[in-house]
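As structure tokens, the structure follows; a few thoughts come after it.
There are 2 protein chains.
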Amino acid sequence: MREKAIQRLTEYGFRPSLQRIAIVEYLFTHSTHPVVDTIFNELSSSIPTLSKTTVYNTLKMLAEKGAILQLNIENNVTRYDGDIKPHAHFKCNQCGKIIDLEIQGEMKNLSIKEIEKYKIFEQYYIIKGLCPFCQEK
Amino acid sequence: MREKAIQRLTEYGFRPSLQRIAIVEYLFTHSTHPVVDTIFNELSSSIPTLSKTTVYNTLKMLAEKGAILQLNIENNVTRYDGDIKPHAHFKCNQCGKIIDLEIQGEMKNLSIKEIEKYKIFEQYYIIKGLCPFCQEK
DNA sequence: TCTTTTTTTGTAATGATTACAATTTTGTTT
DNA sequence: AAACAAAATTGTAATCATTACAAAAAAAGA
Numbered sequence: 004m005r006e007k008a009i010q011r012l013t014e015y016g017f018r019p020s021l022q023r024i025a026i027v028e029y030l031f032t033h034s035t036h037p038v039v040d041t042i043f044n045e046l047s048s049s050i051p052t053l054s055k056t057t058v059y060n061t062l063k064m065l066a067e068k069g070a071i072l073q074l075n076i077e078n079n080v081t082r083y084d085g086d087i088k089p090h091a092h093f094k095c096n097q098c099g100k101i102i103d104l105e106i107q108g109e110m111k112n113l114s115i116k117e118i119e120k121y122k123i124f125e126q127y128y129i130i131k132g133l134c135p136f137c138q139e140k
Numbered sequence: 004m005r006e007k008a009i010q011r012l013t014e015y016g017f018r019p020s021l022q023r024i025a026i027v028e029y030l031f032t033h034s035t036h037p038v039v040d041t042i043f044n045e046l047s048s049s050i051p052t053l054s055k056t057t058v059y060n061t062l063k064m065l066a067e068k069g070a071i072l073q074l075n076i077e078n079n080v081t082r083y084d085g086d087i088k089p090h091a092h093f094k095c096n097q098c099g100k101i102i103d104l105e106i107q108g109e110m111k112n113l114s115i116k117e118i119e120k121y122k123i124f125e126q127y128y129i130i131k132g133l134c135p136f137c138q139e140k
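Following this line, the structure appears as structure tokens:
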């Protein structure tokens with residue numbers, strides 16, 4: 004997993020520093036759409052000098068170039084995802100849980116007018132509503 | 004447009020108060036994905052007693068029930084959209100502009116596994132990258 | 001009209017994110 | 001290797017959108 008993290012970093016033109024590798028590796032091993040605070044807390048034990056600013060900056064930087072996905076599902080927290088294949092996220096308005104929904108077939112088949120003129124770094128689909136469990140109040 | 008706003012409100016079980024009508028009507032007449040501040044400022048002249056909290060609360064409430072769309076494209080501002088047909092938004096990482104991208108064909112054709120178990124209130128597609136203009140640096 | 005409920009309002013607090021300058025680390029050149 | 005330059009990291013302080021809360025106003029019901 005560490006190797007994969009290094010590969011992702013270099014592939015997108017980032018130097019694979021200790022901190023960056025740890026952050027990307029964390030995303031690869033936790034498909035939980037973690038927030039900055041969680042990532043920071045989890046990594047602090049292995050990298051005691053780690054600064055939260057570094058986590059913020061690194062994630063932002065990586066997302067801007069498309070090396071990871073920045074998910075703005077709620078309006079108060081930013082979540083991150085190491086899986087950059089286009090996919091969908093369901094947010095339950097009741098219990099707040101965020102569920103990955105698998106998309107069958109190619110999401111790229113969405114025929115968007117003149118999409119070839121745009122250079123795409125990130126893309127994702129957001130669905131909000133009530134999850135099966137919360138529907139039975 | 005005022006009538007359409009009232010209709011949208013009652014349709015989703017909200018009482019059509021002066022403030023609510025104005026807010027929804029603003030969204031209907033401005034497909035610019037406005038932020039709370041803009042809406043508040045624009046409406047203040049016609050409703051001098053309007054409170055920003057009302058704008059916040061109203062928009063949040065309406066979005067939670069699917070009467071309008073809450074767009075969390077950037078991680079620092081929430082935008083709103085009166086158009087609740089599923090559609091896509093492109094955010095240019097360079098110039099920051101948000102562009103509506105028309106989707107041809109039914110977005111609902113996205114075959115998501117077990118989607119019928121979920122009750123959907125809001126859904127939208129987000130694409131980030133470089134717009135045609137910014138690509139020529 | 002009186003009472004109850006709903007909506008709106010204003011201020012104060014919260015908390016995630018960023019700005020910034022200093023420090024450390026890494027890479028390069030002589 | 002030492003010295004220098006560039007890049008990355010760190011910590012603190014500031015910013016600012018959003019929410020909490022309680023009071024006031026408006027609307028609905030009796």
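First to last, the sequence lines map onto chains P and H.
In my numbering, each number is its position in the first sequence, counted from 1, plus 3.
In my numbering, each number is its position in the second sequence, counted from 1, plus 3.
Just so it is clear, CB atoms sit at the ideal spot from N, CA and C, and this is done for glycine as well.
As the structure is a prediction and not an experimental result, all values here were calculated from the model.
1. On the criterion of 16 or more Cβ atoms from any shown chain inside 10 Å, does Cys95 of chain H qualify as buried, or is it exposed?
2. With 16 other CB atoms within 10 Å as the buried threshold, where does Gly16 of chain P fall?
3. Residues of chain H with CB under 7 angstroms from Ala91 of chain P, in chain order?
4. Listed from N- to C-terminal order along the chain, which residues in the segment 120-137 of chain P have their beta-carbon within a distance smaller than 8 angstroms of any beta-carbon of chain H?
5. Going along chain P in order, which residues have a C-beta closer than 9 angstroms to the C-beta of Leu104 of chain H?
6. Give me the residue from H:Gly132, H:Arg18 and H:Ile118 with the minimum Cα distance to Gln126 of chain H.
7. Would you call Phe136 of chain P buried or exposed, if buried means 16 or more other Cβ atoms sit within 10 Å of its Cβ?
8. Enumerated in chain order, which unbroken segments of the alpha helix (DSSP H) with a length of 4 residues or greater are wholly contained in the segment 6-56 of chain P?
9. Check Ala66 of chain P in the structure and name its three-state DSSP category.
10. By the 10 Å Cβ neighbour count, where 16 or more other Cβ atoms means buried, how is Asp84 of chain H classified, buried or exposed?
11. Which chain H residues sit within Cβ distance under 8 angstroms of Glu77 of chain P?
12. Out of P:Thr81, P:Ile50, P:Glu77 and P:Pro89, which one is the CA nearest neighbour of Gly2 of chain P?
13. Let me see if you follow: with CB-CB separation under 9 angstroms, is Gln107 of chain H close to chain P or not?
14. May I have the straight-line CA-CA distance separating Asn60 of chain P from Glu6 of chain P, to the nearest angstrom?
15. Contact criterion: CB-CB distance below 9 angstroms. Does Thr41 of chain H meet it with respect to chain P?
16. Return the bridge partner residues of Tyr127 of chain H from the DSSP annotation.
17. Just by C-beta distance, which residues in the segment 42-71 of chain P are closer than 8 angstroms to chain H?
18. Which residues does DSSP pair with Tyr83 of chain P in a beta bridge?
19. Could you tell me whether any Cβ in chain H is nearer than 9 angstroms to the Cβ of Thr81 of chain P?
20. Which same chain residues end up closer than 6 angstroms to Leu65 of chain H when comparing Cβ atoms and leaving out the 5 residues on each side of it in sequence?
21. So, using beta-carbon positions, are Lys131 of chain H and Ile123 of chain P closer together than 9 angstroms?
22. I'd like the span of the beta strand (DSSP E) that includes Cys137 of chain H, first residue to last.
23. Around the C-beta of Asn44 of chain H, are 16 or more other C-beta atoms found within 10 angstroms, so that it is buried, or is it exposed?
Straight from the coordinates:
1. By the 10 Å Cβ count, Cys95 of chain H comes out buried.
2. So Gly16 of chain P counts as exposed.
3. Within chain H, the residues near Ala91 of chain P are Ile115.
4. Cβ proximity to chain H below 8 angstroms picks out Lys120, Tyr121, Lys122, Ile123, Phe124, Glu125, Gln126, Tyr127, Tyr128, Ile129, Ile130, Lys131, Gly132, Leu133, Cys134 and Pro135 from the segment 120-137 of chain P.
5. Near Leu104 of chain H (Cβ distances below 9 angstroms), the residues of chain P are Ile115, Lys116, Glu117, Ile118 and Tyr121.
6. The candidate whose alpha carbon is nearest that of Gln126 of chain H is H:Ile118.
7. So Phe136 of chain P ends up on the exposed side.
8. Correct list: 21-32 and 39-47.
9. For Ala66 of chain P, the three-state secondary structure derived from DSSP is helix.
10. Flag for Asp84 of chain H reads buried.
11. Neighbours of Glu77 of chain P on chain H, chain order: Asn75.
12. The structure shown does not extend to residue 2 of chain P, since chain P is modelled only from 4 to 140, so the question has no answer here.
13. Yes, Gln107 of chain H lies at the interface with chain P (some Cβ there is under 9 angstroms from its Cβ).
14. A straight line joining the alpha-carbon of Asn60 of chain P with that of Glu6 of chain P spans about 22 angstroms.
15. Chain P contact via Cβ: absent.
16. Tyr127 of chain H is bridged to P:Ile129.
17. Residues of the segment 42-71 of chain P whose Cβ lies closer than 8 angstroms to any Cβ of chain H, in chain order: Glu67 and Gly69.
18. Bridge partners of Tyr83 of chain P: P:Gln73.
19. Closer than 9 angstroms to some Cβ of chain H, the Cβ of Thr81 of chain P qualifies, so yes.
20. Contacts found: Ile71.
21. Contact flag set, yes.
22. That residue, Cys137 of chain H, is in no beta strand (DSSP E); its alpha helix (DSSP H) goes Pro135 to Gln138.
23. Around the beta carbon of Asn44 of chain H, fewer than 16 other beta carbons lie within 10 angstroms, which makes this residue exposed.
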